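Here is the structure we will look at.
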Amino acid sequence: YGGSFYEDLDHWTKERHKNHMAQYKFMVPEILFIRALYEDNRPLWYWSFPFHMGLYLSIGGLAFLGIGALLQIAGLTPEASALASLVQSLTTVLAIIGYVLGTIGVVGLIIKRMTDPDMTDFTAGIDYLNLIWLGAIFVTGFLVWLKDPGFTVSREYLVSLITFKPMAKA
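First residue of the sequence shown? That's 189 in this note's numbering, and the numbers climb one at a time after it.
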């Protein structure tokens, strides 16, 4: 057994018992750690995990950049506020780790797709283009950090977008 509740006779007349905690206990490790790929195709997981974690951390860095912009609009700058300073630090840490992991994952996935005979027949040109595009995003994000270590200019730009006011020249 273990089939669907639809297999039961008169299933529509019976109350369904859902266990949301069990769903989350399965979903969270699967989404964060790509558990099925780890169990079924570990050589691919070694590259897919840093790629996906890089995506998650980069998105987290972007979210904290947005929070920092909102705090700046409210008058809290990293120089004057411990909260804004913490948000700026979290932005930097998440973004940098995300860019590095994402780049490692992209390079590994491209090499894996090019060299693994099981994957070459099933990899289309668009798959490479997508990976190259995402790799370019990770690398340019890292280059932005090299030019703007605290993402100060990026935060100022985001403030200008939110407030519809032109940004002062950097």
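Even for Gly, the Cβ is constructed at its ideal location relative to N, Cα and C.
Since this is a predicted model, take the numbers as computed values, not measurements.
According to DSSP, is residue i part of a helix, a strand, or is it coil?
{"i": "His205", "result": "coil"}
{"i": "Glu267", "result": "coil"}
{"i": "Ala356", "result": "coil"}
{"i": "Ala262", "result": "coil"}
{"i": "Ser192", "result": "coil"}
{"i": "Phe310", "result": "coil"}
{"i": "Gly323", "result": "helix"}
Which residue wins for smallest C-alpha separation from residue i, given the options the options?
{"i": "Ser246", "options": "Ile298, Ala283, Leu259, Ser273", "result": "Ala283"}
{"i": "Pro217", "options": "His240, Leu197, Arg204, Pro266", "result": "His240"}
{"i": "Phe339", "options": "Tyr212, Leu317, Val281", "result": "Val281"}
{"i": "Lys357", "options": "Ile350, Val341, Trp333", "result": "Val341"}
{"i": "Ile320", "options": "Pro305, Gly296, Pro337", "result": "Gly296"}
{"i": "Asp306", "options": "Leu274, Asn229, Leu317, Ile285", "result": "Asn229"}
{"i": "Leu250", "options": "Phe352, Pro354, Val332", "result": "Val332"}
{"i": "Lys213", "options": "Arg223, Lys335, Thr201", "result": "Arg223"}
With C-beta atoms as the reference, is residue i less than 8 Å away from residue j?
{"i": "Phe326", "j": "Val294", "result": "yes"}
{"i": "Val347", "j": "Ile255", "result": "no"}
{"i": "Arg301", "j": "Thr311", "result": "yes"}
{"i": "Trp382", "j": "Leu220", "result": "Examination of residue 382 is not possible in this model, given that the chain is present from 189 through 358 alone."}
Run the CB neighbour count on residue i, radius 10 Å, all protein chains shown included, and call it buried at 16 or more, exposed below.
{"i": "Trp235", "result": "buried"}
{"i": "Gly242", "result": "buried"}
{"i": "Gly313", "result": "exposed"}
{"i": "Gln276", "result": "buried"}
Quick test of your reading: residue i and residue j, contact by CB under 8 Å. State the CB separation rounded to the nearest angstrom.
{"i": "Thr279", "j": "Phe237", "result": "With a Cβ gap of about 23 Å, Thr279 and Phe237 do not count as contacting."}
{"i": "Ala272", "j": "Leu264", "result": "4 Å"}
{"i": "Ile298", "j": "Tyr316", "result": "6 Å"}
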